[in-house]
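Asker: As numbered in mature numbering (1 follows the signal peptide of the UniProt record, and there is no 0), residues -22 to -1, 1 to 464 make up the sequence shown, in order. Cβ atoms here follow ideal geometry from the backbone N, Cα and C, with glycine treated the same way.
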Amino acid sequence: MRTASTWLRVFLWSLQVQPVICQIRVLAPPRVVQDFQTSHGRIFGSTSTFGAPFYGDRVYGRLVYGTPKQKNHCTEEDYDVPSPEKFMPAGKSYNEVRLINIILVERGSCSFVTKVKVAQKKEAHAVIIVDTQGSTRTTRDIQDIIVADDGYGSNVDIPSVLISREEGQKLIDPLLADPGTQVVVELNWDIPSENVVQVDLWMSSASVSSQKFLKDFKPKREALNEYLRFMPHYHVFSMDGSKDYKELCFDVSGKYCAEDPDGSGSVTGYVVLMEDVRQLCIHELYTKSMDERISYQQHPTSESALYAAEWWRYASNYLDECPLDGKSENAKFGPTCSLLAMKKFGIHDVEKVEACVAQTAEQKLQQQLTFTAWSPRALRINGWRYNGQLDGDLVTRAICSGFVETPQKCKALIEPRNPFLPFAQSKETGVSFSQMVEAIVATALFGICIMYFYKRALTRHVHTALREEVMLEVQSEMARYKQLGS
């Protein structure tokens, strides 16, 4: 049972986890700006968990809107929007105008991802999703909505944001009245500023996507090791009636459980929990304070940067050394392989780590259960919920926008982003689903060709053999006939 102090900590924690808010500032024309006088021209919305927000930049764009015909902005055929060239002054190029194309769509009938992907095909550089018709949700209500990925958002490389119906209608109406109207807005994503940025990551030791992000982000994190406080958290949940699912949980009480990463395979939720605890122990034992914050001597702070090099080496390579489908205990997700991996990645106090696991497992699992996130894979920067894809470069941009004084290393790590171009996401390693399908199809076609030519060769061989057999039979009969004639 949770004590009063525990509930207080959970409450205070929940107050801190606010989303990184997209601010839309209406700049022109004056009659539209006047409609937002009470908010000083500003609209606040909920940023999608997919796509690529313009972290650290202020980007200017024009709004375009196409009235849906039937499918509520869910298909390319459902609406038309003016071409960007229509808004360009004579003799000017698209980039010279420096206004991105922001398409307005309405919520409903299909997923957020579907709407944004359709708008992206229609040359949108960003998308504003207006809440459903008749909705009375306020701006505050909208900010509590998680604009989630439906599983198909990996190819979305533009930002999108959900706003209230009341505010969205004020943007749609002037565009409906005169499609040639240029409603100009500014987009920016502000993160609270600190001298040392606090980064909290929720993950699982058995998650391939978590390890991919760690690999991608690791060199950037190493470059900023003097400026960050990084804390890993692991996804732990409770289950009722856990006797039926005891392999998912720490014990039969079902208080601490983890996802089964390989279905009917041998790696259970219990094994994942113990590896989660092991990684927490490694981080705890090897974390060092980085006191030399040269840029911040004039901004003293009680929060110093923290860095655990051994944890980063181990956690970002663990699934490569100990995959879920390994063929032997020495090379498969589990305690035996973990011991070998620790030694390989410079963790020499293996006994101390294992003692930590044995002595503090329940304590650490309780901490993870208490401080949960809005998603099993989540990121928080300076106490605010990060939105957008977990991409190393995009996360670095968000982090670098969260400093009171931007470190010089940030300027070396990230290049200015061109809002007219798709965000260059970090590429997946390994084989994608589409590549796998193509390989299967190619293999099948190759097999069909082989079978076809084999059948032809076999048929030719059979015909030849039959012909030879018939000829031999004829020759034999002819010889017998000659013998009878003599």
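Using three-state DSSP, classify E307 as helix, strand or coil.
Answerer: helix
Asker: In terms of residues, what are the limits of the beta strand (DSSP E) holding D178?
Answerer: 175 to 181
Asker: Name the DSSP bridge partner or partners of G23?
Answerer: C(-1)
Asker: Determine, using beta carbons only, whether D109 and L140 come nearer to each other than 9 Å.
Answerer: yes
Asker: Could I get the ranges of all uninterrupted beta strand (DSSP E) runs contained in the segment 332 to 417, with 3 residues as the minimum, in chain order?
Answerer: Taking only runs of at least 3 residues, the beta strand (DSSP E) segments lying wholly in the segment 332 to 417 are 356 to 359.
Asker: Just verifying my parser: in three-state terms, what is the DSSP assignment at V162?
Answerer: strand
Asker: Taking the alpha carbon of I2 as the point to measure from, which residue in C227, Y212, S138 has its own alpha carbon closest?
Answerer: S138
Asker: Residues in its own chain within less than 7 Å of N295 by CB, not counting five upstream and five downstream?
Answerer: F323
Asker: Checking 9 Å against the spacing of the C-beta atoms, do I81 and L149 come in under that value?
Answerer: Taking a C-beta distance under 9 Å as the contact criterion, I81 and L149 do not qualify as a contact pair.
Asker: Using 8 Å as the threshold, is the segment 315 to 332 in touch with the segment 151 to 160, meaning 3 or more CB pairs across them?
Answerer: no
Asker: Since V125 and T27 are thought to touch, with beta carbons under 8 Å apart, how far apart are those beta carbons, to the nearest angstrom?
Answerer: Sure, about 6 Å apart at Cβ, within 8 Å.
Asker: If distances are taken between C-alpha atoms only, which option among A402, Y57, K387, E262 comes closest to Q48?
Answerer: Y57
Asker: Pull up the distance between the alpha-carbon of H51 and that of T92, whole angstroms please.
Answerer: 9 Å
Asker: Is T(-20) buried or exposed, if buried means 16 or more other CB atoms sit within 10 Å of its CB?
Answerer: At T(-20), the pLDDT of 42 sits below 50, so the modelled position is not reliable; the number obtained from the coordinates is stated separately. Per the 10 Å Cβ criterion, exposed.
Asker: In angstroms, rounded to a whole number, what distance separates the CA positions of R20 and L5?
Answerer: 9 Å
Asker: Quick check on this structure: which residue in L317, K266, W289, S242 has the alpha carbon closest to the alpha carbon of D303?
Answerer: S242
Asker: Answer with buried or exposed for M429, where buried requires no fewer than 16 other C-beta atoms within 10 angstroms of its C-beta.
Answerer: Classification of M429: exposed, given that the 10 Å Cβ count is below 16.
Asker: Buried or exposed: where does R76 fall if 16 or more other Cβ atoms within 10 Å of its Cβ makes it buried?
Answerer: exposed
Asker: Here's the rule: buried if 16 or more other CB atoms are within 10 angstroms of the residue's CB, otherwise exposed. What is I136?
Answerer: buried
Asker: Can you grab the Cα-Cα spacing for the pair R118 / Q147, in whole Å?
Answerer: 17 Å
Asker: How long is the line joining the alpha carbons of P385 and W290, rounded to whole angstroms?
Answerer: Roughly 22 Å separates the two Cα atoms.
Asker: Please give me, in chain order, every unbroken run of the alpha helix (DSSP H) with length at least 4 that falls completely inside the segment 188 to 224.
Answerer: none
Asker: Could you check whether Y212 and Q346 sit closer than 9 Å to each other, using their CB atoms as the reference points?
Answerer: yes
Asker: Going by the CB atoms, is the gap between L251 and V214 shorter than 9 Å?
Answerer: yes
Asker: Over what stretch of residues does the beta strand (DSSP E) that includes A236 continue unbroken?
Answerer: That residue, A236, is in no beta strand (DSSP E); it is neither H nor E in DSSP.
Asker: Exposed or buried, which one is V94 when buried takes at least 16 other CB atoms within 10 Å?
Answerer: buried
Asker: How should W(-16) be labelled, buried or exposed, when 16 other C-beta atoms within 10 angstroms of its C-beta is the threshold for buried?
Answerer: With a pLDDT of 40 at W(-16), under the threshold of 50, the modelled position of that residue is not reliable, and no figure is offered here.
Asker: How long is the line joining the alpha carbons of N15 and D127, rounded to whole angstroms?
Answerer: One point to set straight first is that residue 15 is Gln, not Asn, in the sequence displayed. One C-alpha to the other measures close to 33 Å.
Asker: Could you check whether F311 and P239 sit closer than 9 Å to each other, using their CB atoms as the reference points?
Answerer: yes
Asker: For L284, which option in E204, E237, A319 has the closest C-alpha, if you only look at C-alpha atoms?
Answerer: E204
Asker: Under 9 Å, do N166 and D35 count as touching if we go by C-beta distance?
Answerer: yes
Asker: Note down the Cα distance separating Q160 from F22, rounded to an integer number of angstroms.
Answerer: 21 Å
Asker: Tell me which same chain residues have a C-beta within less than 8 Å of the C-beta of S316, skipping the five on either side of it?
Answerer: E253, R256, Y296, C300
Asker: What residues are listed by DSSP as bridge partners for W167?
Answerer: C(-1), Y33
Asker: Reducing DSSP to helix, strand and coil, say where G39 ends up.
Answerer: strand
Asker: Provide the residue span of the beta strand (DSSP E) that contains V230, from first to last.
Answerer: No beta strand (DSSP E) contains V230, which DSSP labels as neither H nor E.
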